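Here is the structure we will look at, set down as structure tokens.
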Amino acid sequence: MTDYEQAVALTHSWLEGPPAVRAVAAANTHFVTLSRRDRPFRELLNRFDLIVPDGMPLIWVMNRAGAEMRDRVYGPTLMLHGLAQPGVRHFLLGGSEPMLAALERNLRARFPELQIVGTHSPPFGPWPEEEDARMIAKIAASGAQYIWIGLGCPKQETWLARNKERLPPGVYFAVGAAFPFHSGMVRQAPPWMQRLGLEWLFRLGMEPRRLWKRVAVYNTLFLWHLATDRFRS
Numbered sequence: 001m002t003d004y005e006q007a008v009a010l011t012h013s014w015l016e017g018p019p020a021v022r023a024v025a026a027a028n029t030h031f032v033t034l035s036r037r038d039r040p041f042r043e044l045l046n047r048f049d050l051i052v053p054d055g056m057p058l059i060w061v062m063n064r065a066g067a068e069m070r071d072r073v074y075g076p077t078l079m080l081h082g083l084a085q086p087g088v089r090h091f092l093l094g095g096s097e098p099m100l101a102a103l104e105r106n107l108r109a110r111f112p113e114l115q116i117v118g119t120h121s122p123p124f125g126p127w128p129e130e131e132d133a134r135m136i137a138k139i140a141a142s143g144a145q146y147i148w149i150g151l152g153c154p155k156q157e158t159w160l161a162r163n164k165e166r167l168p169p170g171v172y173f174a175v176g177a178a179f180p181f182h183s184g185m186v187r188q189a190p191p192w193m194q195r196l197g198l199e200w201l202f203r204l205g206m207e208p209r210r211l212w213k214r215v216a217v218y219n220t221l222f223l224w225h226l227a228t229d230r231f232r233s
């Protein structure tokens with residue numbers, strides 16, 4: 001249970017403490033349902049230091065349990081809040097080379113004082129062990145404090161959790177869709193659709209081939225688990 005201000009304050013406080021690797025993820029219904037059904041993925045999530053509620057359906061469920069939250073902590077918006085912190089060095093990991101170029105250009109235009117000290121576009125699909133070592137060395141050499149990862153769920157969370165012990169100190173954010181959104185390559189849902197929890201419908205219309213199975217399977221399973229949990233309780 002948190003909001004943007006509290007989440008950013010917490011992650012920034014980690015930079016002021018002893019050097020450590022901290023992992024942050026943003027959870028939507030797909031993320032939560034996958035963790036419910038995939039035990040290895042759920043165990044990897046235990047290595048994260050902060051998981052914020054990214055989806056409006058999660059807020060509704062949490063509020064029914066007494067959380068009294070006014071808004072979600074949306075990964076792309078959390079990224080903007082983090083980038084606005086003065087004096088922090090940033091690294092962008094994920095996406096294609098054209099996407100990273102557009103993302104960096106747009107972010108620098110929005111935040112003139114922004115310090116982006118490195119970027120890296122990993123190969124599409126599975127990559128060899130030496131690619132992990134190359135990425136980790138590149139992050140370490142950059143001196144980045146906030147590392148933004150846009151590899152898509154669950155790949156980004158899996159990669160981050162499995163490599164956490166090898167990574168250089170810093171705060172690592174798995175923010176997925178933030179990269180295509182802020183690069184301008186994918187449109188975001190209108191605010192009214194986001195408030196009504198209909199962002200999934202907008203994104204499905206924009207990328208039907210990529211997202212139809214995720215929406216059909218995991219949204220349905222989320223509702224199923226919600227109903228069965230309520231019945232059992």
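Position one of the sequence shown corresponds to residue 1 (our numbering), numbered consecutively onward. C-beta atoms are modelled at their ideal positions from N, C-alpha and C, and glycine is treated no differently. All values derive from a computational prediction rather than experimental measurement.
Which same chain residues end up closer than 6 Å to R214 when comparing Cβ atoms and leaving out the 5 residues on each side of it in sequence? Sequence index remark: in the sequence shown, residue 214 carries index 214 (1-based). So the list reads H30, once near-sequence residues are dropped.
Suppose you measure from the CA of A23 to the CA of A227; what does that come to, to the nearest Å? For the purposes of this step, residue 23 is identified with residue 23 of the sequence shown, where counting begins at 1. For the purposes of this step, residue 227 is identified with residue 227 of the sequence shown, where counting begins at 1. One C-alpha to the other measures close to 31 Å.
Residues in its own chain within less than 8 Å of A20 by CB, not counting five upstream and five downstream? Taking the sequence shown and counting its residues from 1, one reaches residue 20 at position 20. These residues qualify, in order along the chain: W14, P169.
When DSSP labels each residue in this structure, what does Y218 get in the three-state scheme? As a first step, residue 218 must be located in the sequence shown, where it is residue number 218. Three-state DSSP puts Y218 in a helix.
Straight-line CA distance for A84 to Q6? By 1-based counting over the sequence shown, the position of residue 84 is 84. By 1-based counting over the sequence shown, the position of residue 6 is 6. Taking the straight line from one Cα to the other gives about 14 Å.
Restricting to Cα atoms, I'd like to know which of Q194, M62, M193, R47 is closest to P53. Within the sequence shown, residue 53 is the residue found at index 53, counting from 1. For the residues Q194, M62, M193, R47, the minimum Cα distance to P53 belongs to M62.
Given a cut-off of 8 Å on the beta-carbon distance, is the pair A144 and H90 in contact? Taking the sequence shown and counting its residues from 1, the one referred to as residue 144 is at position 144. Taking the sequence shown and counting its residues from 1, the one referred to as residue 90 is at position 90. Taking 8 Å as the cut-off, the beta carbon of A144 is found closer than this to the beta carbon of H90.
Below 8 Å on the Cβ atoms is my guess for I149 versus L93; work out the distance and round it to an integer in Å. Position 149 of the sequence shown, counted from the first residue, corresponds to residue 149. Position 93 of the sequence shown, counted from the first residue, corresponds to residue 93. Contact flag correct, Cβ pair sits at about 5 Å.
Rounded straight-line distance, which links the Cα of L204 to that of A178: Sequence index remark: in the sequence shown, residue 178 carries index 178 (1-based). Sequence index remark: in the sequence shown, residue 204 carries index 204 (1-based). Counting only the Cα atoms, L204 lies some 16 Å from A178.
List in chain order: all unbroken beta strand (DSSP E) runs of 3+ residues lying wholly within the region 11 to 38. Runs of the beta strand (DSSP E) inside the region 11 to 38: 21 to 27.
DSSP state of Q194 mapped onto helix, strand, coil: By 1-based counting over the sequence shown, the position of residue 194 is 194. Three-state result, Q194: helix.
Take N161 and list the residues in its own chain whose beta-carbon comes closer than 8 Å to its own, dropping the five residues that flank it on each side. Residue mapping note: residue 161 aligns to position 161 of the sequence shown, counting from 1. Here residue 161 is Ala; the residue named in the question, Asn, does not match the sequence. Non-local beta-carbon contacts of A161 in its own chain, meaning distances under 8 Å to residues more than five positions away in sequence, involve A23, L44, L45, R47, F48 in chain order.
Nearest residue (CA-CA) to R72, options A141, L196, W212: One-based indexing of the sequence shown puts residue 72 at position 72. Measuring from the Cα of R72, the nearest candidate turns out to be L196.
Assuming L50 is part of the beta strand (DSSP E), what are its boundary residues? Stepping through the sequence shown from its first residue, residue 50 is reached at position 50. Start and end: 50 to 53.
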